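Following: one structure in structure tokens, then a few remarks.
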Amino acid sequence: MSHSRFESIGAYLPSKIVTTEELIGRLKVPPSFDLERITGIKERRVHDTRPESYEDSFALAIKAAEDCLSRSRYSAGDLDVIISSSITRSKHGTRVYMEPSFASSIAKHVGARKAITFDISNACAGMLSGTYILDRMIRAGIVRNGMVVSGEAITPISETAVNEISEKYDLQFASLSVGDSGCALVLDEAVDDADKIHYIEMTTASEHSHLCLGMPSGRTPGVALYTDNRKMHNEARFMLWPNTQGSYLEKQGKTFADEQFDYIIHHQFGAAAVPYANAIAARELGTPMPPDLNVIHKYGNTSTTSHFIVLHDQLSDQNIPAGSKLLMIPAASGVVTGFLSTTISSLKV
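According to the UniProt record's numbering, the sequence shown is numbered sequentially starting from 1.
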């Protein structure tokens, strides 16, 4: 059976940096907790809002796509499909577009004239959902290659939160954790085991959707400020990934320990949430979790792009040796979870 691989990766991060201290300092009423300590976010990138150089979602996506193509063996004209997975779809400044699709506009801009194009939307699991679809298309022989791309000019929700928060405890505090970015991937068919997506699966459990209120907590730092009677529901939410991956591996006659992952990349939604999730996974799967890679402290929660911003950043810093086996775990409103297993050797930044 054929498999896909990550052939190239590109990213764009705006140059403007806003610290958590600066953001909190603009609130009319400061929170009754330390947001930086709870989330682990020291700063985030914020898109350029000057009229002459405005960075909307489309601009961020284009810059990431061009960066990705600059190190790909494929030109834009070689791409068989482009999938856009942005949550935010701003273009021409602050105008929001649903049609024409972002993917078709990106394809036209970069010169991917023969590419199939479509948009998907699956909250913060967007790029992994796009990867899931493209992986299946390549494995089925429908396409030879393709791009998954996302541009997220999402910090306007932070601006709204800053203007509207009037109490020390507010549902909008989670909006202060986001950062802007663009990211793009090219996938094609794997030629050996050194670069290969072994498997990717996604699942949704809507019975836990009420736990998507992203409120920081002193009791469970970085996870959510849920009342005590929701604690078990919150733990059940974090058990979705290890239970689904455990079941998947059991059907293959394997255990999690057999996979011998070198690193794990979680969605970048809070520094303290990752150890919490890993502790539950270690308990459920009966083995310690691999070291996690994260960039939450300097980029915040970049929504759909978060896993691949981590990957791009760590490859750039040469922190991922060739031949490393990585596990990516999505976490998104819905509730959406899943798992992606890949070995990376030749992917470079």
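A virtual CB, placed ideally from N, CA and C, is assigned to each residue, including glycine.
Note that the structure is predicted; figures quoted are calculated from it, not measured.
| Asked | Found |
| --- | --- |
| Residue of V148, D170, S175 and S8 minimising C-alpha distance to S158 | S175 |
| Reference H198; option with closest CA among L249, E235, E167 and T155 | L249 |
| Coarse secondary structure for I106, derived from DSSP in three states | helix |
| Start and end residues, alpha helix (DSSP H) containing D67 | S57 to S70 |
| Alpha carbon of I154 to alpha carbon of P31, nearest angstrom | 22 Å |
| Proximity to E189 [Cα-Cα], best of S177, T94, A11 and R144 | R144 |
| S346: first and last residue of the uninterrupted beta strand (DSSP E) it sits in | That residue, S346, is in no beta strand (DSSP E); it is neither H nor E in DSSP. |
| Secondary structure of E159, DSSP reduced to three states | helix |
| Under 8 Å between C-beta atoms of V186 and Y12 | no |
| Segment limits, alpha helix (DSSP H) that includes A281 | A273 to L285 |
| Exposure of D228, with buried meaning 16 or more beta-carbon neighbours within 10 Å | Legend: pLDDT at D228 = 38, less than 50; position of this residue unreliable, value from coordinates given subsequently. Exposed, because fewer than 16 other Cβ atoms sit within 10 Å of the Cβ of D228. |
| Status (buried if at least 16 other CB within 10 Å, exposed otherwise) for D67 | buried |
| Closest by C-alpha distance to D258, when choosing among T244, L285, S53 and M202 | L285 |
| Between the CA atoms of I265 and D34 - distance to the nearest angstrom | 25 Å |
| Spatial distance of K114 from E152 (CA atoms) | 25 Å |
| Integer Cβ distance of E22 from K298, believed to fall under 8 Å | Contact doesn't hold; Cβ gap of about 14 Å is too wide. |
| Beta bridge counterpart(s) of E201 as assigned by DSSP | F339 |
| Rounded separation between residue 354 and L340 - CA only | This structure does not reach residue 354, given that the chain is present from 1 up to 349, and the question cannot be answered. |
| Residues near V336 in its chain [Cβ-Cβ closer than 7 Å; skip 5 each side] | N122, A123, A125, M202, T204 and P330 |
| Element boundaries [alpha helix (DSSP H), containing R37] | L35 to T39 |
| S324: first and last residue of the uninterrupted beta strand (DSSP E) it sits in | S324 to I329 |
| Between the CA atoms of T343 and T321 - distance to the nearest angstrom | Checking the sequence, you will find Pro at residue 321 rather than Thr. Each residue's Cα considered, the two are about 10 Å apart. |
| Opposing strand residues paired with Y12 [DSSP bridges] | G182 |
| Rounded Cβ spacing between R45 and D193 (contact assumed at less than 8 Å) | No, R45 and D193 are not in contact; Cβ-Cβ is about 35 Å, not under 8 Å. |
| Residue range of the unbroken beta strand (DSSP E) whose run includes R139 | From DSSP, R139 is part of no beta strand (DSSP E) but of the alpha helix (DSSP H) over G126 to R139. |
| Range of the contiguous alpha helix (DSSP H) that encloses S316 | S306 to S316 |
| Candidates S346, T160, A281 and T287: closest to R26 by CA position | T160 |
| Contacting residues, own chain, Cβ-Cβ under 8 Å from G253 (five flanking each side not counted) | none |
| Contact between the segment 45-63 and the segment 164-174 (3+ Cβ pairs under 8 Å) | no |
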